[in-house]
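Start counting the sequence shown at 121; every next residue gets the next number (the numbering used here).
Take a look at the structure below.
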Amino acid sequence: MLRVDILTLFPDYFRGPLDHGTLSRAVQGGRLTIVVHNLRNWAEGKHRVTDDYTFGGGTGMVMKPEPFFRAVADLRTAEAHVILLSPSGRLLDQPAAKDLAGQGHLILLCGRYEGVDERVAAYLADDEISIGSYVVSGGELPALVVLDATTRHVPGVLGGGSIAVSEESFATGLLEYPHYTRPASYQGMHVPEVLLSGNHQQIEKWRRQQSLLRTRRCRPDLLLDADLSEADRSFLDSEAHCEVPAHCEATD
Numbered sequence: 121m122l123r124v125d126i127l128t129l130f131p132d133y134f135r136g137p138l139d140h141g142t143l144s145r146a147v148q149g150g151r152l153t154i155v156v157h158n159l160r161n162w163a164e165g166k167h168r169v170t171d172d173y174t175f176g177g178g179t180g181m182v183m184k185p186e187p188f189f190r191a192v193a194d195l196r197t198a199e200a201h202v203i204l205l206s207p208s209g210r211l212l213d214q215p216a217a218k219d220l221a222g223q224g225h226l227i228l229l230c231g232r233y234e235g236v237d238e239r240v241a242a243y244l245a246d247d248e249i250s251i252g253s254y255v256v257s258g259g260e261l262p263a264l265v266v267l268d269a270t271t272r273h274v275p276g277v278l279g280g281g282s283i284a285v286s287e288e289s290f291a292t293g294l295l296e297y298p299h300y301t302r303p304a305s306y307q308g309m310h311v312p313e314v315l316l317s318g319n320h321q322q323i324e325k326w327r328r329q330q331s332l333l334r335t336r337r338c339r340p341d342l343l344l345d346a347d348l349s350e351a352d353r354s355f356l357d358s359e360a361h362c363e364v365p366a367h368c369e370a371t372d
C-alpha cells in the first residue's frame, strides 16, 4: 500500500479530485492512503503566518521554511520520500511515476506565492518534480498530477492490472494506438476493418504500427530512445511520406 501525505495551505483544493475516479477507488480498496494536511498547523504565532518578504528585494512573498521542516519531522517515516513540487524539478514522466509508486510513503510539499525558501529544496526535500515547462499558481495541481500518475502503477489499482498500464501511452516509449467502439460506422466514418476481423495477430500488428505512426507524427522525439525492432524500422521507412495531421504539426 502507498501512503501519501500532502502539505498545503489549501486543503479544500483536494476534496473534489480525491472523491472520484481512480484515486477514490484506490483509497476505498485499501491500496492507497492519502492524508491532506494544512501547513498552517505547523506555523507559529496568532495568525499562523507561512510567508514573508524575499531577501534582496523583489515582488511577491516567499513561503517560510519552518512550517515545512516541522511538518516533515512529524510525518516522516523510515521509507518516506519527500517531494517538493517545483518548476525547477525533474520532469514527471512514466518511468518516474512508476518509480514513485514503489516508494511506500510520499510526502508532497505544495508551494505558493513567489516560491518556497530555497533551504526546503536544499536540505529537506529528497526530490523536486515539475509537471511541465510552465508555471501554475501553486503546487496543488502538480501534486494531483503526480498522485494520479503514480497511483496507476500501484498493484491492484487499475481494473486491467499490469496489462492496462503496460499498453498506455509512454509505457513502451511510444504513444498508444487509436481506440474505437460502437457503432462500427457513424456518419460515414468507419472503424478499421482489421479491428472487426477477430484476427488477433493482425490486430496486434495494426496496433503496433499505428502506435509507431502516431508517435512519429505527434512526438517524433520519443522515437530517439524507443526500443524499435527491425520490423518497426522497416515499417516506418515504408511510411516515410505519410501526411502529418494538422493537430500534430509543430507550431512556432
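Virtual Cβ for every residue (Gly too), placed ideally from N, Cα, C.
With a 10 Å radius around the Cβ and a threshold of 16 neighbouring Cβ atoms, K184 comes out buried. Under the DSSP assignment, S257 falls outside any alpha helix (DSSP H); it carries neither an H nor an E label. In terms of Cβ geometry, I154 and L211 do not form a close pair [threshold 9 Å]. Inclusion of L122 and V274 in the CB contact set at 9 Å is warranted, their separation being smaller than that value.
Between the beta-carbon of M181 and that of D172 there is about 7 Å, and that keeps the pair under the 8 Å contact cut. With respect to the 9 Å criterion, V202 and I227 are classified as neighbours on the basis of their beta carbons. When the Cα atoms are used, D352 and K218 turn out to be separated by approximately 26 Å.
Considering only N161, S354 and S305, the residue with the shortest C-alpha distance to Q329 is S354. For the pair G209 and T128, the CB atoms are not nearer than the 9 Å cut-off. Relative to the Cα of I249, the nearest Cα in the group A263, A242 and Y233 belongs to A263. Between the region 139 to 148 and the region 158 to 166, the count of Cβ pairs shorter than 8 Å is below three; the stretches do not touch. Of the other Cβ atoms in all chains shown, 16 or more fall within 10 Å of the Cβ of D237; this residue is therefore buried.
For the region 192 to 254, the continuous beta strand (DSSP E) assignments of 3+ residues that do not extend past its boundaries occur at 200 to 211, 225 to 229 and 247 to 250, in sequence order.
Looking at the DSSP output, R272 bridges to nothing. Residue environment for E313: exposed (fewer than 16 other C-beta atoms within 10 angstroms of its C-beta). Of the residues L343, T271 and P303, the one whose Cα lies closest to the Cα of Q223 is T271.
Of the candidates T335, V311 and T174, the residue whose Cα lies closest to the Cα of Y297 is T335. The beta carbon of G276 sits closer than 6 Å to those of R151, all from its chain and outside the five residues before and after it, given in chain order. Taking N158 as reference, the option from L229, S349 and E199 with the minimal CA-CA separation is L229.
Nearest neighbour of R190 by Cα position, chosen from G176, T174 and A245, turns out to be A245.
Pairing R168 with S331, the inter-Cα distance amounts to about 52 Å. V265 carries a helical assignment under DSSP once its states are collapsed to helix, strand and coil. Under DSSP, the beta-bridge partners assigned to R123 are T153 and H225.
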